[in-house]
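Here UniProt numbering is used: the first residue of the sequence shown is 1, the next is one more, and so on.
In what follows, a single structure is set out as structure tokens and then discussed.
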Amino acid sequence: MNPSINYKNIIAAFIVSILLTSCKKNEGPKFIDVSGLSIVNASPSTEKLDVYVDNTKVTNAATDFVFGGKIDYLSAYSGSRKMTITRKDSPIPLKSELFVLEPQYGYTLFILDRFADIKFMMLSDNLTKPPKGKASIRFANLSPDTDPLTLAVAGSNYLITNVAFKNYSIPIFIDAGDKVNFEVREHSTGSLIATLPNVKIEEEKIYTIYVKGLKASTDEMKLGVAIYTHK
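If you want it as structure tokens, here you go:
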């Protein structure tokens, strides 16, 4: 499966073709390779963050990028790109790392772990359209104080098992449904630790489900599970 196969349809919604017009009269326009990049803040902290791709800030000055926040697909130049996070309005990097973005592919950059140990996890997004009647689900464990986790649909067999912190599954197909009840359980004991009830799963759509927060916390940083659609 080619994870870029559907990306051309997606970028049509948010990327205007970028052209460099040659200075030479007889040369035609040159197209610049671009990739899609979405960003998820899964670091359990009250800190507000700014995110930079190379030297360009991609967070919105009018909106706080906090725990649980997500930036939908942006266009980024393909190739080696430096991702940097800072506190909001601060010039001092908290973390910087180089990643290679392939042309016409989609990626999700997760910001994760406790603030003192903040780090990145970059995933290539498989945007191949699922078959009729099915949806694609990927599961990631972004909770730093959990044991390996299992994802299930209530009353059914486990979907994805034994996913440790900072790990993720390959996408799987599940049946579409209007009210799907997801459960997250500890892999070793089967204990239920989080639920995601009454989720509408649409056919031919692509989803990521991820566990965030801290098992030991009882405030707004407490353990939870979230889902988003790859748009």
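For each residue, glycine too, the CB sits at the ideal point set by N, CA and C.
Worksheet item: What did DSSP end up calling Ala-116 once you bin it into helix, strand or coil?
Response: The residue labelled residue 116 in the question sits at position 116 within the sequence shown. For Ala-116, the three-state secondary structure derived from DSSP is helix.
Worksheet entry | Start-to-end residues for the beta strand (DSSP E) that takes in Glu-47 | Indexing the sequence shown from 1 puts residue 47 at position 47. Looking at the DSSP string, Glu-47 is not in any beta strand (DSSP E), and its letter there is neither H nor E.
Worksheet item: What are the start and end residues of each continuous beta strand (DSSP E) run of 3 or more residues lying completely inside the segment 90-161, in chain order?
Response: Qualifying beta strand (DSSP E) stretches, in chain order: 93-101, 106-112, 119-125, 134-141, 149-153.
Worksheet item: So, Glu-102 versus Phe-120, is the Cβ gap smaller than 8 Å?
Response: Taking the sequence shown and counting its residues from 1, the one referred to as residue 102 is at position 102. Taking the sequence shown and counting its residues from 1, the one referred to as residue 120 is at position 120. No; because the gap between Cβ atoms is not below 8 Å, this pair is not in contact.
Worksheet item: Quick one: what does DSSP say Glu-183 is sitting in, helix, strand or coil?
Response: Here the question's residue 183 lines up with position 183 in the sequence shown. In the structure shown, Glu-183 sits in a strand (DSSP, three-state: E or B).
Discussion item. Per the DSSP calculation, Gly-79 is bridged to which residue(s)?
Written reply: Your numbering for residue 79 matches position 79 in the sequence shown. Bridge partners of Gly-79: Leu-101.
Practice prompt. Give a yes or no on contact between the segment 223-231 and the segment 163-175, applying the rule of three or more CB pairs nearer than 8 Å.
Written response: Cβ pair count under 8 Å is below three, so no.
Practice prompt. Could you check if Ile-201 is buried or exposed, using at least 16 other CB atoms within 10 Å of its CB as the buried criterion?
Written response: Stepping through the sequence shown from its first residue, residue 201 is reached at position 201. A residue is called buried once 16 or more other Cβ atoms fall within 10 Å of its Cβ, and Ile-201 is buried on that count.
Discussion item. Taking the straight line between their C-alpha atoms, what separation do you get for Ser-43 and Asn-198?
Written reply: For the purposes of this step, residue 43 is taken as the residue at position 43 of the sequence shown. For the purposes of this step, residue 198 is taken as the residue at position 198 of the sequence shown. Roughly 26 Å between the two C-alpha positions.
Worksheet item: How many Å lie between Ile-32 and Asn-181 at the Cα?
Response: Looking up residue 32 in the sequence shown gives position 32. Looking up residue 181 in the sequence shown gives position 181. The alpha-carbon atoms of Ile-32 and Asn-181 are separated by roughly 43 Å.
Worksheet item: DSSP three-state call for Pro-197: helix, strand or coil?
Response: Against the sequence shown, residue 197 aligns to sequence position 197. If DSSP states are grouped into helix, strand and coil, Pro-197 belongs with the strands.
Practice prompt. Could you have a look at Gly-68 and say whether DSSP puts it in helix, strand or coil?
Written response: What you label residue 68 is simply residue 68 of the sequence shown in a count that begins at 1. Correct three-state label for Gly-68: coil.
Worksheet item: The beta strand (DSSP E) with Asp-172 in it runs from where to where?
Response: Position 172 of the sequence shown holds residue 172. It is Ile, not Asp, that sits at residue 172 in the sequence shown. Its beta strand (DSSP E) spans residues 172-175.
Worksheet item: Short check: CB of Glu-183 to CB of Ala-135, under 8 Å?
Response: Taking the first residue of the sequence shown as 1, we reach residue 183 at position 183. Taking the first residue of the sequence shown as 1, we reach residue 135 at position 135. Not in contact: Glu-183 and Ala-135 (Cβ atoms no closer than 8 Å).
Fill in: Spatially closest choice to Thr-218 from Ser-38, Ile-39, Leu-37, Ser-45, by CA coordinates
The residue given as residue 218 occupies position 218 in the sequence shown. Out of Ser-38, Ile-39, Leu-37, Ser-45, Ser-45 has the C-alpha closest to the C-alpha of Thr-218.
Item to complete: Please confirm whether Leu-127 and Tyr-107 have their CB atoms less than 8 Å apart.
Response: Sequence index remark: in the sequence shown, residue 127 carries index 127 (1-based). Sequence index remark: in the sequence shown, residue 107 carries index 107 (1-based). Not a contact, by the Cβ cut-off of 8 Å.
Discussion item. Can you list, in chain order, the residues of its chain with a C-beta nearer than 7 Å to that of Gly-133? Leave out the 5 residues immediately preceding and following it.
Written reply: One-based indexing of the sequence shown puts residue 133 at position 133. Excluding positions up to five away in sequence, the list reads Asp-175, Ala-176, Glu-203.
Worksheet entry | Close-in-space but distant-in-sequence residues of the same chain around His-187 (CB under 8 Å, 5 per side omitted) | The residue you call residue 187 lines up with position 187 of the sequence shown. Closer than 8 Å at the Cβ level, and outside the excluded window around His-187, lie Asp-147, Pro-148, Leu-149, Thr-150, Thr-161, Asn-162, Val-163.
Fill in: For Lys-212, the three-state DSSP class (helix, strand or coil)
Here residue 212 refers to the residue found at position 212 of the sequence shown. Residue state, collapsed to three classes: strand.
Discussion item. Quick check on this structure: which residue in Ser-75, Met-83, Asp-50 has the alpha carbon closest to the alpha carbon of Gly-69?
Written reply: Here residue 69 corresponds to residue number 69 of the sequence shown, with the count starting at 1. Of the listed residues, the one whose Cα sits closest to Gly-69 is Asp-50.
Worksheet item: If you check the beta carbons only, do Val-211 and Phe-110 fall under 8 Å apart?
Response: On the sequence shown, position 211 is the one that residue 211 refers to. On the sequence shown, position 110 is the one that residue 110 refers to. No, they are not a contact pair.
Worksheet item: What's the C-alpha gap between Thr-139 and Asp-89?
Response: One-based indexing of the sequence shown puts residue 139 at position 139. One-based indexing of the sequence shown puts residue 89 at position 89. According to the sequence shown, residue 139 is Phe rather than Thr. One C-alpha to the other measures close to 32 Å.
Worksheet item: Which two residues bound the contiguous beta strand (DSSP E) that contains Ser-35?
Response: Translated into positions along the sequence shown, residue 35 becomes position 35. Where Ser-35 is concerned, the enclosing beta strand (DSSP E) stretches over 34-42.
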